[in-house]
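Asker:
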Amino acid sequence: MFNNSSKILFLTIMIIGTMITVTSNSWLGAWMGLEINLLSFIPLLSDNNNLTSTEASLKYFLTQALASTVLLFSSIILMLKNNMNIEINESFTSMIIMSALLLKMGAAPFHFWFPNMMEGLTWMNALMLMTWQKIAPLMLISYLNIKNLLLISVILSVIVGAIGGLNQTSLRKLMAFSSINHLGWMLMSLMISESVWLIYFMFYSFLSFILTFMFNIFKLFHLNQLFSWFMNSKVLKFTLFINFLSLGGLPPFLGFLPKWLVIQELTFCNQYFTLTIMMMSTLITLFFYLRICYSAFMLNYYENNWTINTQFNNMNTNLYLICTFFSIFGLFLISLFFFML
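Residue numbers (our numbering): 62 to 402.
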């Protein structure tokens, strides 16, 4: 009971920390919110029974503490510039702030801590790290006007996310590199407009939730578990792999919609070079998702002679199937809705 109540407390403080950052009107207030968020997230990560999660929480603390120090340092420089009329190049301090925020959320080229840390987390903590923990830094980045550094980060993130995931057998690392790739798209959508970013973020969070929810129920952590698990339930196996493709952004599924919006906006802005790199990297991510799904989608494929009996909880499975329905037919439903209007 104590464990659950403490988790609810830390979760509430974590949400409050993010809200403080998003609503603050000074860099010092934003830094304070980020610190509250960090200090409440670490107890959620650490688990007495699991050494890897304790190691992950320490890694997370060190990287975030470094980013927070840099952010505080640069905000103090900005305050000195404004209050004491000291001559400091503003774009330089903004660049330092941007670097600190990119490090905070694990965007390339500051992504090295992210996949290693994901490897030591439970699925629910990984989901929080991939979705909620990115809100505050992304909102703060939207206040900065440094297009060049952001563009470099976008291009590096989509390339690293695509190539890093190619050789992975761990599902958590696969999701981590997928998150880095999506982060590149989110930063690009942030450069276009905040509403496009919000739409992208919501769809990405929804699709990540479906997959991590499923992995958490069946305690799946490696690729080889996927192939030997759902032999007795073809529907679950099929829908799981379709959700993979939806997260990758394959056109008939829901995951394509936010990418479609970003592609459309980029073509309006004539940013064809960046768009080409982003689309090519997405094709690489789709390639390794398809490679995972390939055997399950074949009519004639190898199965194990033994089957692992999986205990299905009806409520969980129904929730998963409802979410999957929206993941598969969401694009059709939204298109139909706008067509009716």
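Each residue gets a CB set at the ideal place from its N, CA and C atoms; glycine is no exception.
Less than 6 Å between C-beta atoms, sequence neighbours within five positions excluded: which residues of the same chain meet that for threonine 115?
Answerer: Cβ within range, chain order: Ser107.
Asker: In the DSSP assignment, find the unbroken alpha helix (DSSP H) run with methionine 359 in it and report its ends.
Answerer: Counting along the chain, methionine 359 falls outside any alpha helix (DSSP H), and DSSP gives it neither H nor E.
Asker: Rounded to the nearest angstrom, what separates alanine 91 and methionine 156 at their Cα positions?
Answerer: Those two C-alpha atoms are separated by around 17 Å.
Asker: Do the CB positions of phenylalanine 400 and leucine 227 come within less than 8 Å of each other?
Answerer: Against a cut-off of 8 Å, the Cβ pair of leucine 227 and phenylalanine 400 comes out as no contact.
Asker: Taking the alpha helix (DSSP H) that glutamine 325 falls in, what are its first and last residues?
Answerer: Segment 317-329, the alpha helix (DSSP H) holding glutamine 325.
Asker: Quick one: give me the first and last residue of the alpha helix (DSSP H) that isoleucine 103 is part of.
Answerer: Isoleucine 103 -> alpha helix (DSSP H) spans 88-106.
Asker: How big is the Cα-Cα spacing for proline 313 and tryptophan 258?
Answerer: Distance between the alpha carbons of proline 313 and tryptophan 258: 21 Å.
Asker: Shortest alpha-carbon distance to phenylalanine 175 belongs to which of Ile147, Ile207 and Asn242?
Answerer: The residue with the shortest Cα to Cα distance from phenylalanine 175 is Asn242.
Asker: Hey, is the segment 122-136 in contact with the segment 181-192, meaning 3+ C-beta pairs nearer than 8 Å?
Answerer: Touching, no, given that fewer than three Cβ pairs across the two stretches are closer than 8 Å.
Asker: Within 8 Å of any Cβ in chain B, is that where the Cβ of threonine 192 sits?
Answerer: Absent from the structure is chain B; it holds one protein chain and no more.
Asker: Which residue comes first and which comes last in the alpha helix (DSSP H) that contains leucine 139?
Answerer: Run containing leucine 139: 112-145, per the alpha helix (DSSP H) assignment.
Asker: Since tyrosine 204 is in the alpha helix (DSSP H), which residue starts that stretch and which ends it?
Answerer: Careful: tyrosine 204 lies outside any alpha helix (DSSP H) and carries neither H nor E.
Asker: Where does serine 85 sit, in a helix, a strand or coil, going by DSSP?
Answerer: The answer is coil: DSSP assigns serine 85 none of H, G, I, E or B.
Asker: Does DSSP put tryptophan 283 in a helix, a strand or coil?
Answerer: Going by the sequence as given, residue 283 is histidine instead of tryptophan. Note: histidine 283 maps to strand in three-state DSSP.
Asker: Kindly list the residues whose CB is nearer than 7 Å to the CB of leucine 139, restricted to its own chain and excluding five residues on each side of it in sequence; keep chain order.
Answerer: Result list for leucine 139: Trp88 and Thr154, in chain order.
Asker: Looking only at its chain, what residues have a beta carbon closer than 8 Å to the beta carbon of serine 269, apart from the 5 residues adjacent to it on each side?
Answerer: The residues are Leu188, Met191, Thr192, Met236, Ser240 and Leu308.
Asker: Is leucine 394 buried or exposed, if buried means 16 or more other CB atoms sit within 10 Å of its CB?
Answerer: So leucine 394 counts as exposed.
Asker: Cα-Cα, which of Ser85, Val221, Thr84 and Leu100 is closest to threonine 73?
Answerer: Threonine 73 has its Cα closest to that of Leu100, out of Ser85, Val221, Thr84 and Leu100.
Asker: Quick one: grab the DSSP three-state call for serine 231.
Answerer: Looking at serine 231 - three-state DSSP - the assignment turns out to be strand.
Asker: I need the straight-line Cα distance from glycine 167 to lysine 68, nearest angstrom please.
Answerer: In a straight line, the C-alpha of glycine 167 is about 24 Å away from that of lysine 68.
Asker: Taking proline 176 as part of the alpha helix (DSSP H), name the residues at either end of that continuous run.
Answerer: Unbroken alpha helix (DSSP H) run through proline 176: 174-179.
Asker: Taking C-beta to C-beta, are isoleucine 271 and serine 396 nearer than 8 Å?
Answerer: No. Outside cutoff.
Asker: Give me, in chain order, the residues of the same chain whose beta-carbon lies closer than 8 Å to that of phenylalanine 276; leave out the 5 immediate sequence neighbours on both sides.
Answerer: Once the five neighbours on either side are set aside, the close Cβ partners of phenylalanine 276 are Trp184, Leu232 and Phe282.
Asker: I need the straight-line Cα distance from isoleucine 103 to serine 118, nearest angstrom please.
Answerer: Cα-Cα distance, rounded: 6 Å.
Asker: Using the beta-carbon count (16 or more within 10 Å), is methionine 252 buried or exposed?
Answerer: By the 10 Å Cβ count, methionine 252 comes out buried.
Asker: Can you tell me whether lysine 320 is buried or exposed, with buried defined as 16 or more other CB within 10 angstroms of its CB?
Answerer: That one is buried.
Asker: Under 6 Å Cβ to Cβ from phenylalanine 171, same chain only, skipping five residues before and after it: list those, please.
Answerer: So the qualifying residues of the chain are Leu163 and Leu164.
Asker: Within its chain, find whatever has a CB closer than 8 Å to the CB of serine 203; leave out the 5 residues flanking it on each side and keep chain order.
Answerer: Only Leu251, Glu255 and Trp258 meet the Cβ criterion.
Asker: If you run the structure through DSSP and keep just helix, strand and coil, what is threonine 183?
Answerer: If DSSP states are grouped into helix, strand and coil, threonine 183 belongs with coil.
Asker: Can you find at least 3 beta carbon pairs, one from the segment 206-220 and one from the segment 140-148, that sit closer than 8 Å?
Answerer: The answer is no - the segment 140-148 does not touch the segment 206-220, with fewer than three Cβ pairs under 8 Å.
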